[in-house]
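Reading through the structure tokens given below for one structure.
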Ligand SMILES: Cc1cc2nc3c(=O)[nH]c(=O)nc-3n(C[C@H](O)[C@H](O)[C@H](O)COP(=O)(O)OP(=O)(O)OC[C@H]3O[C@@H](n4cnc5c(N)ncnc54)[C@H](O)[C@@H]3O)c2cc1C
């Protein structure tokens, strides 16, 4: 039987992750990859990670990012960028490629974007023009210093961390002369602020300490502003050593136009147009998906070094070529093969999940702009009025999602589609789930799975010279699970966004789609996954409508013990759904693509097996969690029989996953890998 011939190349990835029609993104992959597998890999191999300080070696990476276009990637063409339109997918690809080698290098590059995000999302036109254009590396003949930023939210204990509202950073009026622009005193201490070694501006979250300023805001402070711009002590990190992290002390005077998004003055009071909460919500909504993809890249990057290690483990002694021990080494052992396949399946699911998240945010971006424009005309901005206006579109959005899933054109669909608010409400509900879900599942389970990867390399795994830097990647993954909001933040957000009826319409569509896929491609485990989703929904609905023996609602913010594990169960299933969808896409599109036609049958068979492995795992994890929660609280009137029926059904449908593991394991013994890793040891 035909099996996997080579490791999947870029042509296959471009189809699965849906950029085969985007030549610009295919070019991007190549340019970022050469920076990652060139200077970044070299820096790691040279031991650049062995210092907390910002060294020359690390600093050179900034120049490499500038030269390869990574720095400019974030910018729109009007500010000197080269990619038109939304760039979530593009940034995700860049982060993926960099993290394939080193997560710290990816963070270093991404943190610059994170600093620009508040300005990009909520800044005034003038702020955008100045900071975005300034962040483009100077062209030959241009005499200016590039602007590099830091995002300053987290504060020393006991202030901002998970709880972003507990601000100690303050803003006051230093000087406000009649008919002149107010000068503000900004006092902010940061903890763990990335890029602080070289940032020449910081977007800082602060709260008013002055009756003449309302609420909170994010404000830009620059290195050359009068006052203290102390970069602070370096963070003694165990991870991501190729990024710079320090605890800065900032106490500076800045003109009021540095308030991100601007302000108005009413009755002698400065009213920022956006609170710090509104700005960071808009920022994290986008950037977290990218972090999830960093972990996905690490998992997938581990496969080739593991296979190479396993195969060559016993070569070099008296052993003759040709014997199984010489040719495939540890791959003679079932456990080693099954575990490698399971890691691979996790990596694929994480990547599929993350790239879908990035694409959804690209879809959302123009709709959000349209919403802004529309609401501005109607004098609606934020708060209850906006909430009500959007709520009024919910039923239409649900209908739109349902009609769109049917795939056939109709007048009603066209009518709904022509209303940007309807589309906004639809896509936003999905984005609000995918963002925390990708961040949560990819990074948290990714960290655990990286440990598995490390263990397959034996002692080598926990040395600095482990091929593929797997040990470092394992540790680094824990930071990805922590920064931009640890897992608790993502679970908390999911426990709210999952309940949206608009989102639950997509959920139903996934079930229908999987059942459909199960008819033509049963080997993917799609039927089990559909049943798993039904079991989760049954449990969820039960929790929504039940109270414990003390009369406490089971699905509520006070019940993290219920909602958080349910969020985890949801993510297991959903990540697997997106993997199956990408494999179906590969099957549908691949046949017509001459670049991948050769060997496609084997690749698809192998991928179907990985899907089955992942689907069975996801169903198992979700069923375990649902059972614990369903029976975990002392509630009366539990519809037990139905629960058991659904659970048994889901688990039974996952049958055959063992055979899938055997086949995938066999494929791992056959697949061709390059002679040597494509970056230095
Ligand atoms: C290397 C590095 C780089 C960073 N870069 C930046 C940066 O550039 N800019 C920036 O602003 N920040 C940055 N951070 C900060 C990072 O975002 C925070 O560390 C993170 O958000 C968590 O905050 P905390 O460490 O204060 O954790 P805490 O708030 O102390 O939370 C600790 C743990 O307590 C539990 N917990 C807390 N609150 C809740 C709750 N409500 N419900 C349930 N459980 C809860 C969770 O398990 C959580 O993980 C960086 C951090 C590191 C380590």
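Numbering (the numbering used here), first residue to last: 4 to 684. Ideal placement from N, C-alpha and C gives every residue a C-beta, glycine not left out.
- Counting along the chain, residue 504 sits inside the alpha helix (DSSP H) bounded by residues 504-523.
- One Cα belongs to residue 604, the other to residue 400, and the distance between them is close to 39 Å.
- In chain order, 259, 273, 274, 275, 276 place their CB closer than 7 Å to the CB of residue 266, counting only its own chain and leaving out the 5 sequence neighbours on each side.
- The beta-bridge partner set that DSSP reports for residue 223 consists of 206.
- Chain order is used for the residues whose beta-carbon lies nearer than 5 Å to a heavy atom of ligand 1, namely 154, 156, 157, 164, 165, 195, 196, 197, 248, 486, 489, 491.
- Residue nearest to residue 445 within the set 416, 490, 430, 459 is 490 (criterion: CA-CA distance).
- Between residue 599 and residue 79, the gap from beta carbon to beta carbon reaches 7 Å or more.
- For residue 415, there is no enclosing beta strand (DSSP E); the enclosing alpha helix (DSSP H) has its first and last residue at 414-420.
- For residue 356, the enclosing alpha helix (DSSP H) begins and ends at 337-380.
- Per DSSP, residue 530 is one residue of the alpha helix (DSSP H) stretching across 529-547.
- Note on residue 170: 16 or more other CB atoms within 10 angstroms of its CB, so buried under the neighbour-count rule.
- A contact between stretches requires three or more CB pairs, one per stretch, nearer than 8 Å, and the stretch 475-494 fails this requirement with the stretch 384-391.
- Taken atom to atom, the span from the alpha-carbon of residue 16 to that of residue 303 is near 12 Å.
- Residue 130 sits buried, since 16 or more C-beta atoms from the chains shown fall within 10 Å of its C-beta.
- In chain order, 237 place their CB closer than 7 Å to the CB of residue 56, counting only its own chain and leaving out the 5 sequence neighbours on each side.
- Nearest neighbour of residue 29 by Cα position, chosen from 5, 95, 4, turns out to be 95.
- Excluding the 5 residues flanking it on each side, residue 623 has same chain C-beta neighbours closer than 8 Å at 654, 657, in chain order.
- Just so you know, the alpha carbons of residue 416 and residue 581 end up roughly 25 Å apart.
- Scanning 451, 641, 608, 664 for the CA closest to the CA of residue 11 turns up 608.
- Counting along the chain, residue 96 sits inside no beta strand (DSSP E); it lies in the alpha helix (DSSP H) bounded by residues 91-102.
- Within its own chain, the residues whose Cβ lies closer than 8 Å to the Cβ of residue 50, once the five positions on either side in sequence are excluded, are 467, listed in chain order.
- Between the stretch 127-142 and the stretch 162-179 there are fewer than three inter-stretch CB-CB distances shorter than 8 Å, so the stretches are not counted as touching.
- In the DSSP annotation of this structure, the continuous segment of the alpha helix (DSSP H) that includes residue 288 starts and ends at 279-315.
- The DSSP-derived three-state label of residue 393 is helix.
- Under DSSP, residue 272 forms a beta bridge with 269.
- Spanning the alpha carbons of residue 474 and residue 380 requires a straight line of approximately 54 Å.
- Between the stretch 363-371 and the stretch 454-464 there are fewer than three C-beta pairs closer than 8 Å, too few to call the two in contact.
- In the three-state scheme derived from DSSP, where H, G and I count as helix and E and B as strand, residue 599 is classed as helix.
- With respect to the 7 Å criterion, residue 295 and residue 441 are classified as neighbours on the basis of their beta carbons.
- When beta bridges are read from the DSSP output, residue 456 appears opposite no residue.
- Taking every protein chain shown into account, the CB of residue 472 has 16 or more other CB atoms within 10 angstroms, so this residue is buried.
- Ranked by Cα distance from residue 113, the options 635, 225, 77 are led by 77.
- In this structure, the straight-line span from the alpha carbon of residue 526 to that of residue 615 is close to 6 Å.
- Between the beta-carbon of residue 470 and that of residue 311 there is about 7 Å, and that keeps the pair under the 8 Å contact cut.
- For residue 147, there is no enclosing beta strand (DSSP E), as DSSP marks it with neither H nor E.
- Residue pairing by DSSP places residue 79 opposite no residue, since no beta bridge is assigned to it.
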